[in-house]
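Per our numbering, the sequence shown starts with residue 9, numbered consecutively. Written out below as structure tokens is the structure these notes cover.
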Amino acid sequence: MEKRATGIWGIKIALICYSALVALQLVAFFLTDILVLLALALEMLSDVLISAFLLSSIFWSMKPADEIHMFGYKRIQNVAALVAAVISISFMSLETFRKAIPKFFQVPKPVELQSTNLTLMVIIVGMIVIAIPTVYILHVKAKGASVKAQFVALVRDEVSYVVALIATILVDREFHLADPLASTFIGVVILAGGLYILKANVYYLVGKAPSKESLEKIESIAKSVKGVLGIHDLKAEYVGPKEFHAGFHIEVAKGTPIEECDKIAHEVERRVIMETDCVHCVIHVDPANGS
């Protein structure tokens, strides 16, 4: 619960930072007409929408299991991350390309020193502001699909700011193509971040299994329980950012009383849930072959 709360705070801080930066960068763009500021503002605007959606998904995922969703609502974070990816890919990245590409074919306008200085100041402020939630999420080591998607967005934003900073310096030295080039690059960064989040979360929604090490640990724990002679047909899938449910068969000696079998199965379940991220176990008891 504590890590979940810190993850929520990480996204809340990011949402506040993004909202402030959207306003700042839009004002600066209208004052300077430097395109890279509009690209950054669009990127921040997409992050405002994404952060708000991710934040709501965390609260939704806290709902307890019910008769409709018997394993709970934790996968809603993966759904939210997918929607966030679609927003980045289908709207913000394409809008950035739409604004940047025509600039390659236009006669560049002279840029005043005052405009360049304002742009540099806005970019540096943006880098500092974005670093706040980034460092916070790293420090608290919060987990979950929503928090991970937020962290990817923050890292992507810092990269975009570095590119924008370089482009502004080059524009000041009359390399005017640096502005649309940087804006196009930011569009690519938005697109790449969206694709990364998309790929990472699709696997969870189609029933991603825990790692081989986790499955081997379950098998080892089950075999360590007195009376268990073997284990087979182990299957597991994630039902949340970390939590998974598992089902498997344990083998006991032929003739073992049903009461003892039940006791053994409950002990296996208790240990697996206690020592792994498994939140639900379905255990079948079979007589061991040749026993």
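Ideal Cβ placement from N, Cα and C applies to all residues, glycine included.
Reference residue i; option with closest CA among the options
i, options, result
"Asp294", "Val214, Ala36, Leu237", "Leu237"
"Lys20", "Leu48, Leu62, Arg278", "Leu62"
"Asp241", "Lys234, Lys250, Glu224, Met282", "Glu224"
"Leu34", "Ile24, Cys25, Leu45", "Leu45"
"His274", "Gly18, Tyr204, Tyr211, Val233", "Val233"
"Pro188", "Glu283, Ala73, Phe113", "Phe113"
"Phe67", "Ile16, Val30, Ala49", "Ile16"
"Tyr169", "Thr264, Ile138, Lys250", "Ile138"
"Met135", "Lys243, Cys25, Ile266, Glu283", "Cys25"
"Ile229", "Gly263, Glu245, Ile272", "Ile272"
"Val196", "Val30, Ala28, Glu51", "Glu51"
"Ser69", "Met282, Lys250, Asn297, Arg278", "Lys250"
"Cys289", "Asn297, Gly263, Glu227, Glu268", "Glu227"
"Leu213", "Ala88, Leu199, Ala296, Tyr144", "Ala88"
"Leu102", "Phe183, Ala200, Gly235, Gly263", "Ala200"
"Ile140", "Gly18, Val276, Glu277, Ala254", "Gly18"
With 16 other Cβ atoms within 10 Å as the buried cut-off, status of residue i
i, result
"Met78", "exposed"
"Val280", "buried"
"Ser65", "buried"
"Gly80", "buried"
"Pro265", "exposed"
"Glu221", "exposed"
"Leu90", "buried"
"Phe252", "buried"
"Glu283", "exposed"
"Phe159", "buried"
"Asn297", "exposed"
"Ile258", "buried"
"Ile198", "buried"
Distance CB(residue i)-CB(residue j) smaller than 8 Å
i, j, result
"Leu178", "Ile131", "no"
"Ala175", "Ala186", "yes"
"Asp349", "Asp180", "Residue 349 lies beyond the range of the chain shown here (9 to 299); nothing can be said about it."
"Val287", "Val260", "no"
"Ala93", "Ser59", "no"
"Ile42", "Ser123", "yes"
"Phe256", "Ile291", "yes"
"Phe38", "Ala49", "no"
"Gly202", "Ile97", "yes"
"Leu126", "Thr40", "yes"
"Ala244", "Ala217", "yes"
"Leu53", "Val30", "yes"
Test: residue i CB closer than 8 Å to a CB of chain B
i, result
"Ser69", "The chain labelled as chain B is not found in the depicted structure, where only one protein chain is given."
Same chain, Cβ closer than 6 Å to residue i, neighbours up to 5 away in sequence not counted
i, result
"Thr192", "Ala108"
"Leu128", "Thr176"
"Lys71", "Tyr81"
"Thr142", "Leu162"
Proximity test, residue i beta-carbon vs the ligand ZN heavy atom, cut-off 7 Å
i, result
"Glu283", "The ligand ZN is not part of the structure shown, which contains no ligands of any sort."
Close Cβ partners of residue i (< 8 Å) along its chain, the five nearest in sequence each way excluded
i, result
"Leu32", "Val130, Val133, Gly134"
"Ala47", "Thr104, Lys107, Ala108, Ser168, Ala172, Ala190, Ser191, Ile194, Gly195"
"Lys111", "Leu43, Asp187, Pro188, Ser191"
"Val210", "Leu90"
Proximal residues to residue i (C-beta, below 7 Å), its chain only, five neighbours per side dropped
i, result
"Gly215", "Glu245"
"Glu182", "none"
**Prompt:** Counting only runs that start and end within the stretch 201 to 275, where is the beta strand (DSSP E) found for 3 or more residues in a row?
**Reply:** For the stretch 201 to 275, whole beta strand (DSSP E) runs of length 3 or above, ordered along the chain, are 238 to 246, 252 to 260.
**Request:** Ignoring anything shorter than 4 residues or poking outside the stretch 58 to 135, list the alpha helix (DSSP H) runs there in chain order.
**Result:** 84 to 95, 101 to 108
**Request:** Please list the segments of the alpha helix (DSSP H) lying wholly inside the stretch 151 to 206, counting only runs of 4 or more residues, in order along the chain.
**Result:** 153 to 180
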